[in-house]
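Reviewing the structure listed below.
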Amino acid sequence: MKHVTPYHNWTSEQALKFFNLPFNDLLFQAQSVHRACFDPNMIQMSSLLSIKTGGCEEDCSYCSQSSSYDSGLEASKIIPLEQVVAAAKDAKQAGATRFCMGAAWRNPKERDMPKIIEMVKAVKNLELETCVTLGFVSPEQAGELKEAGLDYYNHNIDTSQEYYKTVVSSHSFNDRIDTLAILRDKKIKLCTGGIIGMGETRIDRANMLRTLACLPKHPESVPINMLVPIPGTPFADLDQVDSFELIRTIAVARIMMPRSYVRLSAGRMELNDHAQSLCFLAGANSIFCGDRLLTTRNVDNDTDMALFKTLGLKAEQHFEGKVTAAE
Ligand code: SAM
Ligand code: DTB
Ligand code: SF4
Numbered sequence: 642m643k644h645v646t647p648y649h650n651w652t653s654e655q656a657l658k659f660f661n662l663p664f665n666d667l668l669f670q671a672q673s674v675h676r677a678c679f680d681p682n683m684i685q686m687s688s689l690l691s692i693k694t695g696g697c698e699e700d701c702s703y704c705s706q707s708s709s710y711d712s713g714l715e716a717s718k719i720i721p722l723e724q725v726v727a728a729a730k731d732a733k734q735a736g737a738t739r740f741c742m743g744a745a746w747r748n749p750k751e752r753d754m755p756k757i758i759e760m761v762k763a764v765k766n767l768e769l770e771t772c773v774t775l776g777f778v779s780p781e782q783a784g785e786l787k788e789a790g791l792d793y794y795n796h797n798i799d800t801s802q803e804y805y806k807t808v809v810s811s812h813s814f815n816d817r818i819d820t821l822a823i824l825r826d827k828k829i830k831l832c833t834g835g836i837i838g839m840g841e842t843r844i845d846r847a848n849m850l851r852t853l854a855c856l857p858k859h860p861e862s863v864p865i866n867m868l869v870p871i872p873g874t875p876f877a878d879l880d881q882v883d884s885f886e887l888i889r890t891i892a893v894a895r896i897m898m899p900r901s902y903v904r905l906s907a908g909r910m911e912l913n914d915h916a917q918s919l920c921f922l923a924g925a926n927s928i929f930c931g932d933r934l935l936t937t938r939n940v941d942n943d944t945d946m947a948l949f950k951t952l953g954l955k956a957e958q959h960f961e962g963k964v965t966a967a968e
């Protein structure tokens, strides 16, 4: 595989120019970059578990878990370690190489940290990559998580800096960027991306990708979520974004962040096999597997494996740097 050097000085105009290319030209360029950096038939799979659901004090307009809206979701306390271990074992059995634990709160409290640290250690012991998404963290907390064996932290910028205020008012875009710097400082890998279909423009999508691609280091994983509309939230009734726009967003992410894993994330329930196939052709090389995301449904494993078979795709197996295909 050729070496493609990541570039960090992209402009919004360059990003938008990629978006506006004829579809075939954009996909050809993205697939060329993809092939220079990755095995094009290998897909990494991550599994999600909500370890603390609902009752969140933040007001993200897309989220089922914000206490600002009535989505009908029942809030729960942090779940016991045994439940996490059981879910992680199942995820590994289904082919996941990474296990991501999500908590609905602004930031972890000090009393939560020992429990989370035990979870990270236990998942790591199963020879799975570990990931958490816990909102804002202090340098001390990030250091403790790293020490426990945390590989990845999911912290999305969600949209462009300009549109962010329309999506969230309880924290700022810069709060998110500052947290990314804290995590990087502790040598934690980043899983950082966003959501499309929240009423933003193509310029916002281009600006979001420009911000990601101009971080001091590209996030190792870039989740591209399509809004899952949640009844009761301000974004419940937005029209679904055209799947060609999702494919374009993935292609531009692939070109601008050539060595990152680009994950086709939330929203797969609304995509048919053809649209998903084009997402893979555009350079997506990761998915969330398992029939649940955090609070909403996801594509079940049998359906995913049937599509992998049709397309000749292989689930990637990797741990501690070694990458191989699943048997
Ligand atoms: N509270 C933490 C935080 O905000 O970082 C972690 C959990 S939060 C649910 C993780 C990410 O899931 C969000 O940043 C957002 O990108 C994505 N997400 C949440 N609800 C979604 C929805 N309804 N549709 C698509 N993506 C969603
Ligand atoms: C990410 O970018 N997408 C995942 C994960 N990171 C935490 C979450 C998607 C959530 C979709 C809505 C839900 O299930 O609540
Ligand atoms: Fe809370 Fe995260 Fe949902 Fe925002 S996205 S309301 S911070 S759980």
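Each number in the working numbering corresponds to the 1-based position in the sequence shown with 641 added.
Glycine included, each C-beta is placed from N, C-alpha and C at the ideal position.
Report the rounded CA-to-CA distance for residue i versus residue j, giving the unit in angstroms.
i	j	result
G834	L821	12 Å
F777	R817	8 Å
P899	D883	24 Å
L662	N815	31 Å
P755	R843	42 Å
F637	K955	As displayed, the chain neither begins before 642 nor continues past 968, which places residue 637 out of reach and without an answer.
I888	D880	17 Å
Y648	H675	15 Å
K730	I928	18 Å
E803	F885	23 Å
K718	L919	39 Å
I829	Q958	21 Å
F660	K733	36 Å
K658	R895	14 Å
L905	E751	33 Å
L912	W651	30 Å
P681	T874	38 Å
Do residue j and residue i come within 8 Å of each other at the CB atom, strictly closer than that value?
i	j	result
N795	C855	no
Y902	E841	no
E699	H812	yes
M839	Y703	yes
M760	L722	yes
S691	G743	yes
R672	L922	Here residue 672 is Gln; the residue named in the question, Arg, does not match the sequence. Result yes, Cβ atoms of Q672 and L922 sit closer than 8 Å.
T771	K765	yes
K827	A783	yes
L668	A892	yes
Would you list the one or two residues that DSSP bridges to residue i?
i	result
V773	M742, Y794
Q685	S927
G905	Reading off the sequence shown, one finds Leu at residue 905, where the question assumed Gly. In DSSP, L905 forms a bridge with I865, I928.
S691	G743
D799	G835
Y938	Here the sequence assigns Arg to residue 938, which means Tyr is not the residue at that position. Its beta-bridge partners are R933.
By DSSP, does residue i sit in helix, in strand, or in coil?
i	result
G784	helix
P979	Residue 979 is absent from the model: the chain starts at 642 and stops at 968.
C678	helix
H915	helix
K830	strand
A956	strand
A810	Rather than Ala, the amino acid found at residue 810 in this sequence is Ser. It is coil, neither helix nor strand.
R900	coil
S707	strand
C701	coil
K950	helix
L821	helix
F921	helix
A789	helix
A671	helix
I944	Per the sequence shown, residue 944 should be read as Thr rather than Ile. The answer is helix: DSSP assigns T944 an H, G or I state.
F664	helix
E715	coil
N748	coil
N815	helix
Y804	helix
What residue range is occupied by the uninterrupted alpha helix (DSSP H) comprising residue i?
i	result
I891	884–897
F660	653–660
Q881	No alpha helix (DSSP H) contains Q881, which DSSP labels as neither H nor E.
R851	843–854
I757	754–766
A727	722–734
Around the ligand FMN, Cβ to any heavy atom closer than 5 Å, ordered along the chain: With respect to the ligand FMN, the structure offers nothing, as its ligand set consists of the ligand SAM, the ligand DTB and the ligand SF4.
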